[in-house]
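For reference, the structure is listed below as structure tokens.
Structure, rendered in structure tokens:
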């Protein structure tokens, strides 16, 4: 392999990594470099050190070890049959880059992935080696996110969990059929088994910590920021309902911290049967909103789907509002009496606002003026709430309520 | 009162004295020390009448808010602690105008701190020193150098650094943190050798097909751009984005990379037909690949039976549960625990039994972070009997113990109540004996402890009968 200059490699291997949406550096244990006298800390809350003009946060050095790949997944720029220029970092080079960037406060840490070279096990070994160099040779205490290669030996995954804060295995496509057609070498059951071994590893570590003898050192943590995955949206025919179904299965089965939804983005040298369209960014956004409703608002998938005819989320209004418009009988909700679970169902009230309402109403009845201090926008709430100085009357059931929220249809430009 | 902007210790000691002396907020005039002398003297401070206790949270907020650039802050803060000393619930009154102001000011400071943690950029000083040293120039909106320095200390313990701002500086040298006066941008190097790599990375990680300038500017406001080395690339990246996407769209798909086949040397696993399964190990692989019914779609893996090929007794359960699904082995979850204990009591050695399930994939309903077990339908049990029969053919047990109704259906092909079959030894076609009993998970579900103990005893009796049969 001819040695490419580092800038060239960086450019190729960062470009190849940008289709992975995950960039989180949060949710791990608190660590610092005071005891080790090395470099690095994690503070629980992640930090976005920069933003690219695509609006995405840059928190980690997100790169591939190599973009050579023996798989031929058609949605992927690095598939074996693609004519993209190839490059490969040595583990030492990646460690060096990470430290150089970290010391200048550009990043929170490293997110390392790779094309599959030689075998799943060999590739996983190389990723683990980078993490080992950082942690052991350089006393690096910053954040490390490693991609787990589906099908790699569980022993390697166990080792990865000892060095990394987070592990992730991408399910790539939401349905079995999609995966079979677009990524013939990837097997959904292999991906699920890999996720299962991460969950088992984490649970074993917690068990070991619980049953340790008093006075003995804590056993090592296993991927304290948990595991995540990514699904590509809009490359295949999967509906939002299928996507959320897969997401709920993954959340419940493997204790994922996050499922990322990544709008399929056209890639250079694309496979001919993929949509050469703009990425469906609004659809991606709605899926994230639905995901939040599932995780933080007590919604079941079937409820979200009540406001999503045909299994597709409404693109013009958010999924909570869509649900509320279908279930008007639930509203209006009395801000001063409703239980927390019901307040969470009010369009326009987020978890923070609900917490503040519940805390404040102990001191007296909340009126509209008070709500203005506690929430972002009272206007959106009006049809759905009751306060001592406000009753929506017929507004809650009015036929044109949807129009009140949906952005006005744009007038088509007349051809001159 | 005379206080230095952003100096919490100074403000706190002044405020503490005033509060203890019972000096009302309207009787105090606060002035920043750089604005010259205060209108009134400091005579009110002396009259200390013991410390006044304040909520810890309020002090934490005050420590941040005192860094606010608004000159009214010391006075407003004093008014709030004056009230808080008389009303312990004050902070919870989020609709109160002053509390609202406090929360907003605190939010502004925290945001400023967060942005300083994020957007400060170090540049390397000199070269080849034993201990690397770096310097950064940053222009925060408020007086937050002392609030942020501990973060950089925790993070960059192993190198020397200095942070210079217009108001103050923080220096970490030889493992000691110190503060000093403000400075100028000129004190910090104007370049760093790694910045080229960082800018290359910034350009490469940008996806031109998803331009969202407002999202970027909301989180990284323009006022920070002048000190961010990568920000000079924003305009050119945006200018070229449309054309790059257009080129992607227009470029004809090139023919496949000629090396494709060389790279993809591996052939997919030899497809083993289910009928060709010749050993229990092969059977386990085949079960894992089974797609006869849709249960495989959501389960992690097919869980085949486990135990010696010549076991005399075969135990059949219903289906793998959460843990069995994750670990790929039968009876390793909570029900497996119950079973293990009961087996021991009955004098049966688990290692000499063959344990399996009527259905090989886990059927569940996702509910938040958990998967709730769902009973398999008779259709699913019947579909999966193909595998159970294979296992029976390999192991050829003398006795089968069915645990629960699903197992009974799986073995006999007929639905019957356990009650009607229990306490007797039945004979199956081919001479194999059958004992029907309950599933151990049934014991876990019984809320009544007395009843659970009775049922458990009956379960052990059934297992003991099985042992007697086998010896």
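Residue numbers (the numbering used here), protein chains in the order written: chain L, 1 to 416; chain W, 1001 to 1471. Glycine residues also receive a C-beta, built at the ideal position from the N, C-alpha and C atoms.
In terms of residue numbering, what span does the alpha helix (DSSP H) encompassing residue i cover?
i: residue 407/L; result: Unbroken run through residue 407/L: none, as it is neither H nor E.
i: residue 1168/W; result: Element bounds for residue 1168/W: not the alpha helix (DSSP H) but the beta strand (DSSP E), 1168-1173.
i: residue 1469/W; result: 1449-1470
i: residue 41/L; result: From DSSP, residue 41/L is part of no alpha helix (DSSP H); its letter is neither H nor E.
i: residue 1372/W; result: Here residue 1372/W belongs to no alpha helix (DSSP H); instead the beta strand (DSSP E) covers 1370-1373.
i: residue 1017/W; result: 1008-1020
i: residue 1402/W; result: Element bounds for residue 1402/W: not the alpha helix (DSSP H) but the beta strand (DSSP E), 1399-1403.
i: residue 1327/W; result: 1322-1327
i: residue 245/L; result: 240-254
Beta carbon of residue i, beta carbon of residue j: below 7 Å?
i: residue 375/L; j: residue 383/L; result: no
i: residue 59/L; j: residue 40/L; result: no
i: residue 239/L; j: residue 311/L; result: yes
i: residue 1118/W; j: residue 23/L; result: no
i: residue 333/L; j: residue 325/L; result: no
i: residue 1293/W; j: residue 1383/W; result: yes
i: residue 351/L; j: residue 368/L; result: no
i: residue 420/L; j: residue 174/L; result: Since the displayed chain L opens at 1 and closes at 416, residue 420/L lies outside it and no answer follows.
i: residue 199/L; j: residue 261/L; result: no
i: residue 417/L; j: residue 290/L; result: In the structure as shown, chain L begins at 1 and stops at 416. Residue 417/L is therefore absent and cannot be evaluated.
i: residue 63/L; j: residue 17/L; result: yes
i: residue 1145/W; j: residue 1108/W; result: no
i: residue 1366/W; j: residue 248/L; result: yes
i: residue 1030/W; j: residue 1075/W; result: yes
Use the C-beta contact count for residue i: other C-beta atoms within 10 angstroms, 16 or more gives buried, fewer gives exposed.
i: residue 1269/W; result: Low local confidence applies: a pLDDT of 48 at residue 1269/W is under 50, so the model's placement there is unreliable, with the coordinate-based value given in what follows. So residue 1269/W ends up on the exposed side.
i: residue 1137/W; result: buried
i: residue 1278/W; result: exposed
i: residue 1386/W; result: exposed
i: residue 218/L; result: exposed
i: residue 214/L; result: exposed
i: residue 1425/W; result: exposed
i: residue 1304/W; result: buried
i: residue 416/L; result: Only weak support is given to the placement of residue 416/L: the predicted model assigns it a pLDDT of 42, under 50, and the question is left unresolved by the model.
i: residue 407/L; result: exposed
i: residue 1057/W; result: exposed
i: residue 348/L; result: buried
i: residue 1300/W; result: buried
i: residue 233/L; result: buried
i: residue 1255/W; result: exposed
Could you spell out the range, first to last residue, of the beta strand (DSSP E) harbouring residue i?
i: residue 993/W; result: The question about residue 993/W has no answer, for chain W in this structure spans 1001 to 1471.
i: residue 1119/W; result: Unbroken run through residue 1119/W is the alpha helix (DSSP H), 1097-1119; no beta strand (DSSP E).
i: residue 379/L; result: Residue 379/L -> not in any beta strand (DSSP E); alpha helix (DSSP H) instead, spanning 378-381.
i: residue 1181/W; result: 1176-1181
i: residue 231/L; result: 227-233
i: residue 262/L; result: 258-263
i: residue 1313/W; result: 1313-1317
i: residue 1134/W; result: 1133-1137
i: residue 1367/W; result: 1364-1367
i: residue 1164/W; result: 1160-1164
i: residue 1124/W; result: 1123-1125
| query | For the region 1101-1117 of chain W against the region 1198-1206 of chain W, are there 3 or more C-beta pairs whose distance is under 8 Å? | reply | As far as the Cβ criterion goes, the region 1101-1117 of chain W does not touch the region 1198-1206 of chain W, which means the pair count is below three.
| message | Quick check on the DSSP output: what are the complete alpha helix (DSSP H) runs of length 4 or more inside the region 110-197 of chain L, in order along the chain? | response | Within the region 110-197 of chain L, the runs of alpha helix (DSSP H) at least 4 residues long that lie entirely inside it are, in chain order, 120-132, 154-163 and 176-182.
| field | Three or more C-beta pairs below 8 Å linking the region 91-111 of chain L and the region 121-141 of chain L | value | Touching, yes.
| Counting pairs of beta carbons, one from the region 1095-1102 of chain W and one from the region 77-94 of chain L, are three or more of them closer than 8 Å? | In short, these stretches do not touch, since the Cβ pair count stays below three.
| Which ranges would you report for the alpha helix (DSSP H) in the region 1192-1231 of chain W if only whole runs of at least 4 residues count? | Here the runs fully enclosed are 1195-1205 and 1213-1219.
| task | For the region 1425-1444 of chain W and the region 1333-1340 of chain W, state whether three or more C-beta atom pairs, one from each stretch, are separated by less than 8 Å. | result | Three or more Cβ pairs closer than 8 Å define a contact, and the region 1425-1444 of chain W meets that threshold against the region 1333-1340 of chain W.
| said: Taking contact to mean 3 or more Cβ pairs, one atom from each stretch, closer than 8 Å, check whether the region 1446-1466 of chain W and the region 1356-1373 of chain W are in contact. | reply: These segments do not touch.
| request: Decide yes or no for the touch test of the region 57-71 of chain L against the region 1169-1178 of chain W: beta carbon pairs closer than 8 Å, at least 3 of them. | output: At 8 Å Cβ cutoff, the stretches do not touch.
| Complete runs of the beta strand (DSSP E) confined to the region 42-92 of chain L [at least 3 residues] | Complete beta strand (DSSP E) runs here, min 3: 60-64.
| Cβ pair count under 8 Å reaching 3, the region 1209-1224 of chain W against the region 225-238 of chain L | The region 1209-1224 of chain W is not in contact with the region 225-238 of chain L.
| field | Touch test, the region 140-159 of chain L against the region 193-213 of chain L, Cβ-Cβ under 8 Å, three pairs minimum | value | The region 140-159 of chain L and the region 193-213 of chain L touch, with no fewer than 3 CB-CB distances between them shorter than 8 Å.
| request: Determine, using beta-carbon pairs with one atom in the region 17-32 of chain L and one in the region 81-92 of chain L, whether at least three such pairs fall under 8 Å. | output: Taking a cut-off of 8 Å for Cβ pairs, the region 17-32 of chain L and the region 81-92 of chain L do not touch, as fewer than three such pairs fall below it.
| message | Threshold first: 3 residues or longer. Then list the beta strand (DSSP E) segments lying entirely within the region 1409-1454 of chain W, N to C. | response | For the region 1409-1454 of chain W, whole beta strand (DSSP E) runs of length 3 or above, ordered along the chain, are 1433-1437.
| field | the region 221-230 of chain L in contact with the region 158-172 of chain L per 3-pair CB rule at 8 Å | value | The region 221-230 of chain L vs the region 158-172 of chain L: in contact.
| task | Take every Cβ of the region 1017-1024 of chain W, pair it with every Cβ of the region 343-363 of chain L, and state whether three or more of those distances are shorter than 8 Å. | result | Not touching, per the Cβ criterion.
| query | Which runs of the alpha helix (DSSP H) fall wholly inside the region 293-346 of chain L and span at least 4 residues, in chain order? | reply | Runs of the alpha helix (DSSP H) inside the region 293-346 of chain L: 301-306, 319-326 and 340-343.
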